[in-house]
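Residue numbers (full-length UniProt numbering): 1 to 264.
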């Protein structure tokens, strides 16, 4: 039903017309913020053009925020981890400048890999999720998955003759974050299926992994030495390797908190 247009509308009629138009045009932000923005425009004596710009920019900003939220949700991160929440002072092994450079996502644009290697509690998974979140906020399609879950899904897909479709789905995202890569021992079939995902993404889309084991220990996961060497090559060629060290700052934080409580 078309909106009735007439000149000389009362304030109430004009507000109702704006509300109806925003509903029809699907402009929820302008609809909700219009009264406050109109009041500000009047108080600051904005030009009509300036007021229109404020309305449209508010809608654009809010849409960008909602798209980022949808991409972050679609990535499947297990917890909300951000760079802002990461304590760089607690782990001197990690170069904050390098991490913030990675957060600019140039490596994702180039389809390069990232490896986070270090003991449990040194911040690998936090950084993996945080950098993935930064990528989602920058407009990239991101998927987070535990290595065990990924391999199990691939095995099931192969059994159900859905492997090509599943590999293609994992191949499409701009950044695939694989966590806890060393928490399992893969038979040759599982390793080959994972290798197919990596091959699908090679030199096209980025892979970021987190592992407790150094590369020399990956033969515990990939028991075929030759296949292990090829996988390491795929995950390191042209990419960035960050060693987060062996001292668990998570454990140190827990101990420090316990000591403070005992002193208190």
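We treat Cβ as the ideally placed atom computed from N, Cα and C, and that holds for glycine. Just so it is clear, the structure is predicted and the values come from calculations on it, not from any experiment.
Residues bridged to residue i [DSSP beta-bridge criterion]
i	result
residue 132	Per DSSP, none; premise fails for residue 132.
residue 144	177
residue 206	175
residue 240	114
Three-state class that DSSP yields for residue i in the structure shown
i	result
residue 246	coil
residue 186	strand
residue 211	strand
residue 222	strand
residue 94	coil
residue 87	coil
residue 77	coil
residue 1	Because the pLDDT at residue 1 is just 45, under 50, the model does not fix this residue reliably, and the point stays unresolved.
residue 13	helix
residue 157	helix
Euclidean distance between Cα positions of residue i and residue j
i	j	result
residue 17	residue 67	28 Å
residue 171	residue 245	31 Å
residue 19	residue 55	13 Å
residue 140	residue 64	13 Å
residue 173	residue 142	6 Å
residue 193	residue 215	19 Å
residue 240	residue 234	12 Å
residue 72	residue 159	30 Å
residue 117	residue 43	56 Å
residue 111	residue 103	14 Å
residue 188	residue 161	19 Å
residue 57	residue 88	35 Å
residue 149	residue 36	48 Å
residue 209	residue 147	9 Å
residue 119	residue 213	7 Å
residue 47	residue 107	43 Å
residue 53	residue 236	47 Å
residue 41	residue 26	23 Å
residue 38	residue 137	30 Å
residue 1	residue 34	With a pLDDT of only 45 at residue 1, under 50, the local geometry of the prediction cannot be trusted, and the value read off the model is given with reservation. In a straight line, the C-alpha of residue 1 is about 23 Å away from that of residue 34.
residue 45	residue 82	40 Å
residue 229	residue 223	10 Å
The alpha helix (DSSP H) enclosing residue i, as first and last residue numbers
i	result
residue 112	Premise fails: residue 112 is in no alpha helix (DSSP H) and is neither H nor E.
residue 39	28-43
Nearest-angstrom Cβ-Cβ length linking residue i and residue j, presumed shorter than 8 Å
i	j	result
residue 145	residue 178	6 Å
residue 221	residue 182	5 Å
residue 129	residue 79	7 Å
residue 77	residue 132	7 Å
residue 94	residue 59	At roughly 39 Å, the Cβ-Cβ gap does not stay under 8 Å, so residue 94 and residue 59 are not in contact.
residue 200	residue 167	5 Å
Within-7 Å CB hit, residue i to chain B
i	result
residue 201	Going by chain labels, chain B is absent from the structure shown, which holds only one protein chain.
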